[in-house]
Amino acid sequence: MTDSESRNTAPRFAEDGWFLSRPIRVLSEWIDYNGHMNMAYYNRVCDLGVDDLFGHLGIGADYRESRNLSIYTAEFHTRFIREVKEGETLIVATQMIDHDEKRVHLFQEVRHASEGWLAATGEGLNLHVDMTGPKVAPFPDDIRAALDQLASRQSALPQPAAAGGAIRVKRAAR
1 MTDSESRNTA PRFAEDGWFL SRPIRVLSEW IDYNGHMNMA YYNRVCDLGV DDLFGHLGIG
61 ADYRESRNLS IYTAEFHTRF IREVKEGETL IVATQMIDHD EKRVHLFQEV RHASEGWLAA
121 TGEGLNLHVD MTGPKVAPFP DDIRAALDQL ASRQSALPQP AAAGGAIRVK RAAR
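Under the UniProt record's numbering, the letters of the sequence shown match residues 1 to 174, in that order.
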C-alpha cells in the first residue's frame with residue numbers, strides 16, 4: 001500500500017462501535033535517532049484519527065470555512081505502549097467518552113493496522129469555538145445531534161481502563 005493509498009481507505013465504524021480512521025503510514029521523516037517513531041508523531045497520528053472522526057461528524061476542516069466555527073484541543077494525554085517503525089501502517093480507533101454543549105472528551109487507541117497490537121493511547125478534551133471571538137461556544141443543533149447519535153452508537157462500549165489516568169511515580173509501600 002502506498003502512502004496515498006493508505007489515506008484513501010474510508011474511515012468507518014467497527015462492529016463493536018469504535019470509529020476507525022483511514023490507515024496511516026509511518027513516514028521516514030517521523031523516525032527519530034532511536035530508530036522509531038518520534039513522540040511528536042504519535043500525537044500527529046491521533047490528530048489524523050480525530051480529523052477523520054470530526055469529518056464524519058461535520059466538524060472537519062471545512063467547518064471553519066463554512067460556518068466560522070472550529071474545534072480547539074484544550075488538553076491531550078498520550079501513553080506510549082510499543083515502538084512503531086518506518087513504513088508500518090496504523091489505524092486510530094476513537095471512542096467518545098462524553099460530551100456536552102461545548103466540549104467533547106475522546107479516547108483513542110493507535111493500533112498496528114494488520115497485526116492489531118496497541119502502540120499508544122491518546123485522550124483529549126476538545127472545545128467548540130466561535131472564531132469571531134474566538135471564544136468557546138455551544139455546538140449548533142445539527143452538530144449536537146451528530147454527537148448525540150455518536151454517543152448512542154457507542155453507548156455499549158465500556159469506558160477504557162486507561163481513560164482518565166494520571167501521571168505519577170509509583171512508590172513501594174514503606
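Where a beta carbon is used, it is the ideal one built from N, C-alpha and C, also for glycine.
Item to check | Leu118 versus Leu157, Asp130 and Cys46, residue with shortest Cα-Cα distance | outcome: By one-based count along the sequence shown, residue 118 stands at place 118. With distances taken between Cα atoms, Leu118 lies closest to Cys46.
Item to check | Straight-line gap, Phe76 to Glu123 (C-alpha atoms, nearest Å) | outcome: For the purposes of this step, residue 76 is identified with residue 76 of the sequence shown, where counting begins at 1. For the purposes of this step, residue 123 is identified with residue 123 of the sequence shown, where counting begins at 1. For Phe76 and Glu123, the distance between alpha carbons rounds to 6 Å.
Checklist entry - From this set, Ala120, Gly133, Leu150 and Asp98, which residue's C-alpha is nearest Asn126's C-alpha? => result For the purposes of this step, residue 126 is taken as residue 126 along the sequence shown, with counting starting at 1. Ranking the options by Cα distance to Asn126, first place goes to Asp98.
Item to check | Identity of the residue in Leu57, Thr9, Tyr41 and Arg25 nearest Ala145 by Cα | outcome: Counting from 1 along the sequence shown, the entry for residue 145 is found at position 145. The shortest C-alpha separation from Ala145 is found at Leu57.
Checklist entry - Is Gly49 closer than 9 Å to Ala66 when the C-beta atoms are compared? => result Start at 1 with the first residue of the sequence shown, and residue 66 comes out as number 66. Start at 1 with the first residue of the sequence shown, and residue 49 comes out as number 49. Ala is not the amino acid found at residue 66; the sequence shown has Ser there. Not in contact: Ser66 and Gly49 (Cβ atoms no closer than 9 Å).
Checklist entry - Using the beta-carbon count (16 or more within 10 Å), is Gln108 buried or exposed? => result Against the sequence shown, residue 108 aligns to sequence position 108. Gln108 is buried by the Cβ-count criterion.
Next on the checklist: Assuming contact is defined by CB atoms lying nearer than 9 Å, are Asp16 and Leu157 in contact in what I supplied?
Outcome noted: Taking the sequence shown and counting its residues from 1, one reaches residue 16 at position 16. Taking the sequence shown and counting its residues from 1, one reaches residue 157 at position 157. It is a contact, given that the beta carbons lie within the stated cut-off.
Next on the checklist: Does Met131 come out as helix, strand or coil in the three-state DSSP assignment?
Outcome noted: One-based indexing of the sequence shown puts residue 131 at position 131. In this structure, Met131 counts as coil in the three-state DSSP scheme.
Next on the checklist: Let's see if you can read the secondary structure: which residues bound the alpha helix (DSSP H) around Phe54?
Outcome noted: Along the sequence shown, one-based indexing puts residue 54 at 54. Where Phe54 is concerned, the enclosing alpha helix (DSSP H) stretches over Met39 to Leu57.
Next on the checklist: For Ser114, tell me which candidate among Arg25, Trp18, Thr132 and Asp142 has the shortest Cα-Cα distance.
Outcome noted: Taking the first residue of the sequence shown as position 1, residue 114 is located at position 114. The shortest C-alpha separation from Ser114 is found at Arg25.
Item to check | Neighbour flag for Gln95 against chain B, beta carbons, 9 Å | outcome: Among the protein chains of the structure shown there is no chain B, as only one such chain exists.
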